[in-house]
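These protein sequence lines map, in sequence, to chains A and P.
For the first sequence, my numbering gives the first residue as 682, with consecutive numbering after it.
For the second sequence, my numbering gives the first residue as 1480, with consecutive numbering after it.
Each residue gets a CB set at the ideal place from its N, CA and C atoms; glycine is no exception.
A short worksheet on the structure shown next.
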Amino acid sequence: MPSKIEVKNISVKVGECFIVEPVDISLNKAEFCFLLGPNGSGKSSLLKAIAGIRQANLTVSQESSSSLSKAFLPQEPEKPQNITVRDYFHFSRYPQMSSYRELSPKEFELLEEILNDLKLKGFEERKLGGLSGGEWKKVCIASVIFQGADLIILDEPFQALDQVVKAEVAKFLNKWRKLGRSFLIASHDLFWSYHLCDKVIFLKRGHLLFEGGKSDTFHEETLAQTFDIPFNKTIAEDGSVYFSPSLKGIDV
Amino acid sequence: MSKVAVVVSVLVLMICVLLGQEGFLYSIKPEVRDIILFKLRLPRVSLAFLVGGSLGVCGLVFQAIFRNSLASPYTLGVASGGAFGASLAISLGLSGSFLFFDSISLFAFLGALITIAFIFSFGYIKKSFNPNQLILTGVVVSFLFSSSILLLHFFSNDFSAKKMIQWTLGDLSIVSFDRVLHILPIAFIGTFLLYRKRGPLNLLLVGPVFAQSRGVKVEKELKEVFLISSFMIGASVALVGPISFVGLILPHITKRLWGVKFERVLLPCFLLSGLFLCVCDLISRVVMAQVTLPVGIVTSVIGAPFFLWVLLKEN
């Protein structure tokens, strides 16, 4: 895998109108890059464009090498009811097969490890239709890692997860980052975005507002400018950092 | 697939060949018996098996790529295109054969292929191969052809009208080994090619975005799969008419028994669908004395209650 991943001059358009203005995105090997911004700011469109997913009516232009292997988790992945978890993982590994085949013993070991990490052991024979929202999300995240790509693109991986599972997922993703994977993640979860990120990008109405390392860029002012409301930063005794919107002007 | 399944299928096929209105043929002169067995029943059963298998496999594939359990081989209008071709040939009073095909079959085959070509070009013009849109186009094209067939009915005499209706009910009665030889390569090569696409088909079963994000060239695969299955469906419809139900229900039953993965379910689906049509054909031959019912009626009359029973048993 290259030491630096670069997507240059990528833009998304409907007709002549930009959904996402041309941006360059670069991240290093083994890095978390978080994409933050209000609803409708173009995060999902941008992620899909980078992942190379066709979007109806949208045109994507970019100047980057397509040789890079990418895995992509959409915000709402397709969920066929009667496929088993095991088969879902089998199909997810397809990019690593020169021609379609069964999983190798080595791949089974990898799968065991991934399932153990996310406490999904024993789910293998369950049908996807029988999973709860959170279980399904974990299966999706696990399958995207199992795919074995260099760049992993996640759209809202923390959505629908309880606090404990969020922490599990964060730990799991961090483990794979340490193993050399790069992540590009869109999220509304400011707590985990802050604690995981190496790099952050703020997007607003399809326009790149701020971009940079955690300490320079991830603070109250950038958040306030992105979301148009004031933010408070609280640091707990254990070092946890919380960003919360200010209650000023909100009657609760 | 287990050996048991193969043995059972061979047994069923043999019974289908041996049984008929004439009984077990003990008391008949050997020459007549040979004619009945080898010139009439064997080609008929082979044709039913190959057509049933092709329709079942195509139904399975269509249900996967449209991710719609109501999809059948006829969803894209191939059957009505074929029926229109056949009706046209009948109303023009065409007879005789061309390149070893009789003119009705030839027209039906062309009708089927023209339909699929039309739906393809529609996709090209719209620059999208969205499954929902394809279904919608197929349904509209079906209506167009159905009313064109009714128009032909309206202007035709009683004899041709009856012939058209008989054709659209599905008919295995005009059988010779020629017809078996027409569909044999298409059924086998088609099934083989679809089996080779089991990987992409499995991923498409999950969804187009899933498949695309795992490196499947979705549009290319869809086009190729449509092309292969169109030939299989077109040939089936051309030779025996649009036999209903096999391509809709048998895929469901095989999926219940063998799961959804194509490597496991494709060949059993061919086998089971083929056997189902053979058994329906047997019933159509023996249920009434002196009369052979159109097999398309039997498939629905037997198939519908059976499938309802399967649905009831399932929790």
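| Item | Value |
| --- | --- |
| Pull up the distance between the alpha-carbon of Q736/A and that of S1655/P, whole angstroms please. | 51 Å |
| So for L842/A, helix, strand or coil by DSSP? | coil |
| Within the continuous alpha helix (DSSP H) that includes V1618/P, where are the two ends? | 1610-1634 |
| First and last residue of the alpha helix (DSSP H) that includes P761/A? | Premise fails: P761/A is in no alpha helix (DSSP H) and is neither H nor E. |
| Go through the region 1484-1569 of chain P residue by residue and report every complete run of the alpha helix (DSSP H) that reaches 4 residues or more, in order. | 1509-1513, 1521-1544 |
| At a cut of 8 Å, does the region 888-899 of chain A reach the region 853-867 of chain A through at least three beta carbon pairs? | no |
| Can you list, in chain order, the stretches of the alpha helix (DSSP H) that have 4 or more residues and sit fully within the region 1677-1716 of chain P? | 1677-1685, 1687-1692 |
| Taking the alpha helix (DSSP H) that I1671/P falls in, what are its first and last residues? | Just to set this straight, residue 1671/P is Phe in the shown sequence, not Ile. Start and end: 1656-1675. |
| List the endpoints of the continuous beta strand (DSSP E) containing T740/A. | 739-742 |
| Which partner residues of S692/A appear in the DSSP bridge assignment? | S742/A |
| Would you be able to state if there are at least three C-beta pairs under 8 Å between the region 1711-1726 of chain P and the region 1638-1653 of chain P? | yes |
| Quick check: what's the CA-CA separation for I700/A versus V1695/P? | 26 Å |
| Do L1492/P and C1759/P count as a contact pair if the criterion is CB distance below 8 Å? | no |
| A1527/P: buried (16+ other C-beta within 10 angstroms of its C-beta) or exposed? | buried |
| Tell me which residues share the same chain as S921/A and place their Cβ nearer than 8 Å to its Cβ, disregarding the 5 neighbours each side in the sequence. | F872, H876 |
| For the putative contact between G1617/P and G1556/P, defined by C-beta atoms under 8 Å, what is the C-beta separation to the nearest angstrom? | 4 Å |
| Considering only the alpha carbon of each residue, which of E702/A, K685/A, S684/A lies closest to S692/A? | E702/A |
| Which residue marks the beginning of the beta strand (DSSP E) containing I700/A, and which one marks its end? | 698-709 |
| Based on Cα-Cα distance, which residue from G1535/P, I1514/P, R1512/P lies nearest to V1725/P? | G1535/P |
| Taking only three categories from DSSP, how would you classify D1581/P? | strand |
| When you measure from the CB of L884/A to every non-hydrogen atom of the ligand NAP, does any distance come out below 7 Å? | Absence of the ligand NAP is noted for the structure shown, with no ligands found whatsoever. |
| Ends of the beta strand (DSSP E) at T915/A? | 912-916 |
| Which first and last residues belong to the alpha helix (DSSP H) in which V881/A is found? | First-last for V881/A: 880-885, but that is the beta strand (DSSP E), not the alpha helix (DSSP H). |
| Taking the alpha carbon of Q1769/P as the point to measure from, which residue in V1483/P, L1745/P, Q1500/P has its own alpha carbon closest? | Q1500/P |
| For A752/A, tell me which candidate among R1693/P, E1698/P, T1733/P, L1729/P has the shortest Cα-Cα distance. | R1693/P |
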